[in-house]
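Trainee: I have a structure here, written as structure tokens, and I will follow up with some questions on it.
Number of protein chains: 2
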Amino acid sequence: MLTERQLLILKVTVDDYIQSAQPVGSNQLAKKPGMSFSSATIRNELAELEGQGYLEKTHTSSGRIPSQKGYRYYVDHLLTPNPVPENDIVQLRSVFEEKVNETEEIIKRSAGILSELTNYTSILLGPDIRKHIVKKLSIVPLSPGMAVAIIVTDSGHVENRVFSIPPDLNASDIEKMVNILNERLIGVALHDLHKRLEQETLALLRQHIERYGELFRTFQQALLLPHTDNVYYGGKLNILKQPDFHDIQKIRELMDVMEEGKHIPEILPIGAQGLQIRIGSENALAAMEDCSVITVSYDIGDEQMGTIAIVGPKRMDYRRIVSLLDYVSSDLSKELTRLFQGK
Amino acid sequence: MLTERQLLILKVTVDDYIQSAQPVGSNQLAKKPGMSFSSATIRNELAELEGQGYLEKTHTSSGRIPSQKGYRYYVDHLLTPNPVPENDIVQLRSVFEEKVNETEEIIKRSAGILSELTNYTSILLGPDIRKHIVKKLSIVPLSPGMAVAIIVTDSGHVENRVFSIPPDLNASDIEKMVNILNERLIGVALHDLHKRLEQETLALLRQHIERYGELFRTFQQALLLPHTDNVYYGGKLNILKQPDFHDIQKIRELMDVMEEGKHIPEILPIGAQGLQIRIGSENALAAMEDCSVITVSYDIGDEQMGTIAIVGPKRMDYRRIVSLLDYVSSDLSKELTRLFQGK
DNA sequence: TGTTAGCACTCTATCAGTTCGAGTGCTAAG
DNA sequence: CTTAGCACTCGAACTGATAGAGTGCTAACA
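Residue numbers (the numbering used here), protein chains in the order written: chain H, 33 to 375; chain W, 33 to 375.
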């Protein structure tokens, strides 16, 4: 449908606009190296590209900017990935150099570095915590009516929840309970915990412990909602750096969406494998219609999966981000798998 | 120095500007109920107030706005506290109604509600975590080379840190270590933990455990920095709602300062008792010269102390915020003391 | 002597008109 | 098919001109 020359012009136009954030004119294009035609020829081609919907004008006598369709075509067909610059690699590797052992810490730091490197906002989704497996359960009494339940998982993640206990419960009963729980629940995945708790331990507890009912109920309650979410943001404020976002109202909406983790499912294509690009209105949320989101999944071991995303303006440096995310994804997969599986 | 009438005019001027965010003119003031003088008289008085530095003009023929000194005087002498509206009280009380047992959770929620109620940003500082007292220590092995250390404090706070252990360390040694640690360190405050660890347990550990050196070092390392901070923000984005902040650059600086907890000591007068108001340039940070910060301290039990702060534009609704903070402070003190001391 | 009506003056915000330049589309010649 | 040339369009930036809000001052009044 498009000639070689039109493809070239489209590519250079998008590249230039990504760089300058200004509508691109025919004269400007004619000056570029590799452009061996006159501005008039380019004008004709631009008109054709506009006719086919790849480019737009902001007003009748302005230069062209890429349309939604134009970006999409650019991303799908014109993107030649770049090797990641040495300098970026050095920075990214620094995450692992400090011998941090916690998955969470590593992901958090990666989010920070990614946002610094790109000047966009990064969102990192850790592995689904509910798949983690219980390694140890313990209950520590705090005061006569209160105790804290602690669950350690195989990934080193620690969940804890304060809950109330019958004030006159004696220590040996608590110890008994902990023993029973550990005996029965180690090796169970967190998302099964609630069910298994009931199936496996209720009868046993009833047998051994006075007042099991009250205790059991509040304990179960405490375990019900693992409210720790595993979303990490880097550089939320970078949005403010982008000249594309000058309207305070827009910024507000955008930050609102990102503030809480609530909209994650709408922002990120969860469960998708490999690299995904959502441009402008391809995003589910209206507040993000001027943004593009590039996501890539990464693996930990064989089953666990996480997601890395970069959110920026539609006029995003797709080439750079794509290569960067490719790199980070495989890097993170490698390092976390090593850590997770205990070498 | 100022006559009754001047005081009245100053007060009404500041009140009006706080409400409207527009320079206040003499005609406007003359229309207010309680103003029984003509605009000409008011003009004379305004000129006098300006002469004494309580008011300013944005340009020669504009209305007046309060100066730094004007706000200060208003806050110090003209503020008649309001009772907190019933409606606000209902909302605030809702924090405690859901029977949450964790100090942290309560503080976090309070931050959220305060920001919703005021449309400003709230910052809540929890009690100093380093004063909390160790209730239980435990170490859970994760994989051959890795373990997680868990510290539970009397407030129900749980600190955990993953650290590496010699891969061939046997389980009984770990158990021995945990026993020794618990025996010696329960009852120690977190800020003493590092020191006491060395003083009290090093010798004992050396005696009982092979390879204590390696183990001890990484364990100590893990406990070194309790990196959980106890700062909670509510409504960071509310800044964007205030018409006073239209300059994106200013907003950036401001959010930058608040993003990380690093600047807390400069933003809040830590250690100060009771209610404090910092207006505009009274703030330590240049980025906050257009903001006012109202803080109030609250107590938990007899020793612990926390801080509640509201950050808004200089043109802040001082009266409302002051009453609100007074209320919240005593409320939080009461409820947390009850919780903290186990009823 | 304090208050107020009246008026000239000042400054901003706004709007229309103008110019400049970047960019386009079209035509005609190469 | 390409390109030079040219008329045309539109936004951005500047210029007055005007209206309106507000001030300061003066003179009259209670």
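All residues carry an ideal CB built from backbone N, CA and C; glycine is no exception.
Quick check: what's the CA-CA separation for H/Val289 versus H/Thr339?
Mentor: Against the first sequence, residue 289 of chain H aligns to sequence position 257. Against the first sequence, residue 339 of chain H aligns to sequence position 307. Distance between the alpha carbons of H/Val289 and H/Thr339 is about 18 Å.
Trainee: According to DSSP, is W/Thr153 part of a helix, a strand, or is it coil?
Mentor: Here residue 153 of chain W is taken as the residue at index 121 of the second sequence, counted from 1. W/Thr153: strand per DSSP, three-state reduction.
Trainee: W/Gln231 to H/Glu134, Cα distance in whole Å?
Mentor: Residue mapping note: residue 231 of chain W aligns to position 199 of the second sequence, counting from 1. Residue mapping note: residue 134 of chain H aligns to position 102 of the first sequence, counting from 1. So the two alpha carbons sit approximately 28 Å from each other.
Trainee: Below 8 Å, can you find three or more Cβ-Cβ pairs linking the segment 161-177 of chain H to the segment 340-354 of chain H?
Mentor: Contact fails: fewer than three Cβ-Cβ distances are below 8 Å.
Trainee: In chain order, what are the residue ranges of uninterrupted beta strand (DSSP E) at least 3 long that sit wholly in the segment 115-199 of chain W?
Mentor: Listed in chain order, they are 153-157, 166-175, 178-185, 190-196.
Trainee: For a contact meaning CB atoms closer than 8 Å, what does H/Ser154 contact in chain W?
Mentor: Translated into positions along the first sequence, residue 154 of chain H becomes position 122. Chain W residues near H/Ser154: none, gap ~14 Å exceeds 8 Å.
Trainee: Buried or exposed, going by whether 16 or more other CB atoms sit within 10 Å of the CB of H/Gly267?
Mentor: By 1-based counting over the first sequence, the position of residue 267 of chain H is 235. By the neighbour-count rule (16 or more Cβ atoms within 10 Å), H/Gly267 is buried.
Trainee: Relative to the C-alpha of W/Thr185, which candidate in W/Glu207, W/Glu136, W/Leu146, W/Phe195 has its C-alpha closest?
Mentor: Reading the second sequence from its first residue, position 153 is the one you call residue 185 of chain W. Closest option to W/Thr185, Cα to Cα, is W/Glu136.
Trainee: Roughly how many angstroms separate the alpha carbons of H/Tyr350 and W/Phe251, rounded to a whole number?
Mentor: As a first step, residue 350 of chain H must be located in the first sequence, where it is residue number 318. As a first step, residue 251 of chain W must be located in the second sequence, where it is residue number 219. Near 44 Å, if we compare the C-alpha coordinates of W/Phe251 and H/Tyr350.
Trainee: Enumerate, from N- to C-terminal direction, the unbroken beta strand (DSSP E) stretches of 3 or more residues contained entirely within the segment 295-361 of chain W.
Mentor: Listed in chain order, the complete beta strand (DSSP E) runs (minimum 3 residues) inside the segment 295-361 of chain W are 307-311, 323-332, 336-345.
Trainee: With 7 Å set as the bound, which would you pick, yes or no: does the beta-carbon of H/Gly188 sit closer than that to a beta-carbon of chain W?
Mentor: As a first step, residue 188 of chain H is located in the first sequence; it is residue number 156 there, counting from the start. Cβ-Cβ to chain W under 7 Å: yes for H/Gly188.
Trainee: Around the Cβ of H/Gln54, are there at least 16 other Cβ atoms within 10 angstroms (buried) or fewer (exposed)?
Mentor: In the first sequence, residue 54 of chain H corresponds to position 22, counting from 1. It counts as exposed.
Trainee: Quick check on the burial criterion: 16 or more other C-beta atoms within 10 angstroms. Buried or exposed for W/Lys346?
Mentor: As a first step, residue 346 of chain W must be located in the second sequence, where it is residue number 314. Its Cβ being crowded by 16 or more others within 10 Å, W/Lys346 is buried.
Trainee: Between which two residues does the beta strand (DSSP E) carrying H/Val56 extend?
Mentor: Working through the first sequence from its first residue, we reach residue 56 of chain H at position 24. Unbroken run through H/Val56: none, as it is neither H nor E.
Trainee: Against H/His226, what residues of chain W qualify as contacts under a CB-to-CB distance less than 7 Å, listed in chain order?
Mentor: Stepping through the first sequence from its first residue, residue 226 of chain H is reached at position 194. Going along chain W, no residue has its Cβ under 7 Å from H/His226, so there is no contact; the nearest lies around 19 Å.
Trainee: Is it buried or exposed, H/Val122, if we count other Cβ atoms within 10 angstroms and call 16 or more buried?
Mentor: Here residue 122 of chain H refers to the residue found at position 90 when the first sequence is read from its first residue. Exposed, because fewer than 16 other Cβ atoms sit within 10 Å of the Cβ of H/Val122.
Trainee: Could you tell me if H/Asn192 is buried or exposed, where buried requires 16 or more neighbouring beta carbons within 10 angstroms of its beta carbon?
Mentor: Along the first sequence, one-based indexing puts residue 192 of chain H at 160. Result: buried.
Trainee: Quick one, which of W/Val210, W/Ile283, W/Lys294, W/Gln84 has its alpha-carbon nearest W/Asn262's?
Mentor: As a working mapping, residue 262 of chain W is identified with position 230 in the second sequence. For W/Asn262, the nearest C-alpha among the options comes from W/Lys294.
Trainee: Whole angstroms is fine: what's the gap from W/Asp224's alpha carbon to W/Leu217's?
Mentor: Translated into the one-based positions of the second sequence, residue 224 of chain W becomes position 192. Translated into the one-based positions of the second sequence, residue 217 of chain W becomes position 185. Roughly 10 Å separates the two Cα atoms.
Trainee: Just checking: is the beta-carbon of H/Leu255 within a distance shorter than 7 Å of some beta-carbon in chain W?
Mentor: Position 223 of the first sequence, counting from 1, holds the residue named residue 255 of chain H. Chain W, which has no Cβ nearer than 7 Å to the Cβ of H/Leu255, makes this no.
Trainee: For a contact defined as C-beta to C-beta under 9 Å, what are the partners of H/His278 on chain W?
Mentor: Within the first sequence, residue 278 of chain H is the residue found at index 246, counting from 1. Residues of chain W passing the Cβ test: Ile280.
Trainee: W/Ile50 and W/Leu61 look like a contact to me (Cβ under 8 Å); what is the Cβ gap, rounded to whole Å?
Mentor: The sequence position of residue 50 of chain W within the second sequence is 18, counting from 1. The sequence position of residue 61 of chain W within the second sequence is 29, counting from 1. Contact flag wrong, Cβ pair sits at about 14 Å.
Trainee: Per DSSP, which residues does W/Val263 bridge with? Please list them.
Mentor: Indexing the second sequence from 1 puts residue 263 of chain W at position 231. Partner(s): W/Leu157.
Trainee: Within 10 angstroms of the Cβ of H/Lys375, are there 16 or more other Cβ atoms? Answer buried if so, exposed if not.
Mentor: Here residue 375 of chain H refers to the residue found at position 343 of the first sequence. Note that H/Lys375 has pLDDT 39, beneath the 50 cutoff, so the model's placement of it is unreliable and the number below is only indicative. Looking at its Cβ environment, which holds fewer than 16 other Cβ atoms inside 10 Å, H/Lys375 is exposed.
Trainee: Chain H partners of W/Ser170, CB-CB under 7 Å?
Mentor: The sequence position of residue 170 of chain W within the second sequence is 138, counting from 1. Within 7 Å Cβ-Cβ: Ser170.
Trainee: How close, in whole Å, do the beta carbons of H/Arg310 and H/Val328 come, if the pair is a contact with beta carbons under 8 Å?
Mentor: The sequence position of residue 310 of chain H within the first sequence is 278, counting from 1. The sequence position of residue 328 of chain H within the first sequence is 296, counting from 1. With 8 Å as the limit, H/Arg310 and H/Val328 do not qualify as a contact, their Cβ atoms being about 12 Å apart.
Trainee: Taking the straight line between their C-alpha atoms, what separation do you get for W/Arg104 and W/Pro113?
Mentor: Stepping through the second sequence from its first residue, residue 104 of chain W is reached at position 72. Stepping through the second sequence from its first residue, residue 113 of chain W is reached at position 81. Those two C-alpha atoms are separated by around 16 Å.
Trainee: In chain H, which residues lie less than 9 Å from W/Lys167 when you measure between Cβ atoms?
Mentor: Here the question's residue 167 of chain W lines up with position 135 in the second sequence. Residues of chain H passing the Cβ test: Val172, Pro173, Leu174, Val180.
Trainee: Compute the beta-carbon to beta-carbon distance between H/Gly102 and H/Val46, rounded to the nearest angstrom, for a pair I have assumed lies under 8 Å.
Mentor: Along the first sequence, one-based indexing puts residue 102 of chain H at 70. Along the first sequence, one-based indexing puts residue 46 of chain H at 14. Confirmed, about 6 Å.
Trainee: Let me know the secondary structure DSSP gives H/Ser52 once reduced to three states.
Mentor: On the first sequence, position 20 is the one that residue 52 of chain H refers to. Three-state DSSP puts H/Ser52 in a helix.
Trainee: Kindly indicate if chain W contains any beta-carbon less than 7 Å away from that of H/Arg284.
Mentor: Residue numbering aside, residue 284 of chain H sits at position 252 when the first sequence is read from its first letter. It does; some Cβ of chain W falls within 7 Å.
Trainee: Just verifying my parser: in three-state terms, what is the DSSP assignment at W/Ile97?
Mentor: Position 65 of the second sequence, counting from 1, holds the residue named residue 97 of chain W. Residue state, collapsed to three classes: strand.
Trainee: Is DSSP giving W/Leu40 helix, strand or coil here?
Mentor: Residue mapping note: residue 40 of chain W aligns to position 8 of the second sequence, counting from 1. Of the three classes helix, strand and coil, the one that applies to W/Leu40 here is helix, per DSSP.
Trainee: In the segment 211-222 of chain W, which residues sit with their C-beta less than 8 Å from some C-beta in chain H, listed in chain order?
Mentor: Flagged: no residues at all.
Trainee: Against chain H, with Cβ distances strictly below 7 Å, would W/Asn315 count as a contact?
Mentor: Along the second sequence, one-based indexing puts residue 315 of chain W at 283. No, because no Cβ of chain H sits closer than 7 Å to the Cβ of W/Asn315.
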